[in-house]
Amino acid sequence: MPVLLEVAVAHERDVPGAVEGGADRLHVVGPSADGHGLSPEIPTVSAVCRDTEVPVFVLLRLNDTWTTTGGELTRLVGLAEDYLAVGATGVSFGFLDADLEVDVEVCTHVATSLPNVPWTFHDAVDDTLDPRRAWRRLVGLPGLVHVRSAGSPRGMAEGYDDLLASAGSDPTIAALLMAGAGLQAEQVPWLLRAGVRAFHLDEQVRPGGSRKAYVDSSLLRSWRRLLDDADDAATRQASS
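In terms of numbering that gives the first Met the number 0, the sequence shown opens at residue 0 and continues consecutively.
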């Protein structure tokens with residue numbers, strides 16, 4: 000399976016750098032106070048989709064928590080349908096219940112309301128109380144193609160060891176995992192050897208690590224080369 004490189008974009012001005020730098024997928028997200036993002040405006044998604052043939056996933060999140068209400072849930076499904084109508088390929092979302100467990104009922108409702116639409120469970124998984132139980136709840140959800148995780152709410156700097164151990168101990172987790180927030184270059188080869196095939200970048204490919212800067216093609220290209228070279232090395236090691 001090829002290594003998938005997803006890049007977060009905030010608007011159409013991020014698209015040239017992401018595409019030229021070698022992104023396999025774009026993740027469109029609007030700004031939020033907590034840094035995890037909110038659903039972007041429909042015209043923004045339309046502009047991003049119009050400027051590229053690279054698959055586009057869009058964030059479904061209308062408040063700064065990991066929960067949602069019945070009325071908001073209806074709005075989210077309608078918003079997803081609008082995103083798909085203007086060219087999006089898939090969506091990302093993630094909901095937890097009052098006990099900080101994966102809200103299987105709500106996630107299943109959204110997924111089944113969007114039949115045949117691939118989706119990613121985003122980094123809400125890192126705020127669950129029991130990550131192993133969270134993974135058991137996620138596996139088998141309809142349409143789920145990736146779970147974006149850093150192993151900790153504080154990012155890969157804190158969660159990397161646990162994330163690597165989880166991927167290495169369970170091929171199902173490795174196959175679904177998209178390494179997320181705060182990914183560092185030196186972590187990539189080890190994650191690949193553990194079977195991880197998807198990676199998400201944001202600030203790493205923006206000058207100065209600032210979300211106010213546009214995605215830079217040269218920064219992203221260096222990550223693309225790193226992923227491809229590390230993947231080649233892991234493949235050679237596995238076959239030797």
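Even glycine gets a Cβ: it sits at the ideal position worked out from N, Cα and C. Since the model is a prediction, treat every value here as computed from it, not as a measurement.
Go ahead and pull the three-state DSSP assignment for residue 137. Here the question's residue 137 lines up with position 138 in the sequence shown. In the structure shown, residue 137 adopts helical secondary structure according to DSSP, grouped into three states.
Own chain, CB closer than 6 Å to residue 216, minus 5 neighbours either side, in chain order: Against the sequence shown, residue 216 aligns to sequence position 217. Contacts found: 16, 19, 20.
Closest by CA to residue 22, which one among 35, 29, 4, 13? Mapped onto the sequence shown, residue 22 falls at position 23. Ranking 35, 29, 4, 13 by Cα distance to residue 22 puts 4 first.
Using the beta-carbon count (16 or more within 10 Å), is residue 205 buried or exposed? Here the question's residue 205 lines up with position 206 in the sequence shown. So residue 205 counts as buried.
Integer-rounded CB distance, given that residue 202 should sit under 8 Å from residue 210: Translated into positions along the sequence shown, residue 210 becomes position 211. Translated into positions along the sequence shown, residue 202 becomes position 203. Taking C-beta atoms under 8 Å as the contact rule, residue 210 and residue 202 qualify, at a distance of about 6 Å.
Is residue 50 buried or exposed, if buried means 16 or more other CB atoms sit within 10 Å of its CB? Locating residue 50 in the sequence shown gives position 51, counting from the first residue. With 16 or more Cβ atoms within 10 Å of its Cβ, residue 50 is classed as buried.
Starting from residue 180 and walking both ways along the beta strand (DSSP E), at which residues does that stretch end? Taking the first residue of the sequence shown as 1, we reach residue 180 at position 181. Here residue 180 belongs to no beta strand (DSSP E), and DSSP marks it neither H nor E.
Buried versus exposed, by CB contacts within 10 Å (16 or more), residue 60: In the sequence shown, counting from the first residue as 1, residue 60 sits at position 61. By the neighbour-count rule (16 or more Cβ atoms within 10 Å), residue 60 is buried.
If you follow the beta strand (DSSP E) that residue 108 is part of, which residue opens it and which one closes it? Mapped onto the sequence shown, residue 108 falls at position 109. Not the beta strand (DSSP E): residue 108 falls in the alpha helix (DSSP H), residues 103 to 112.
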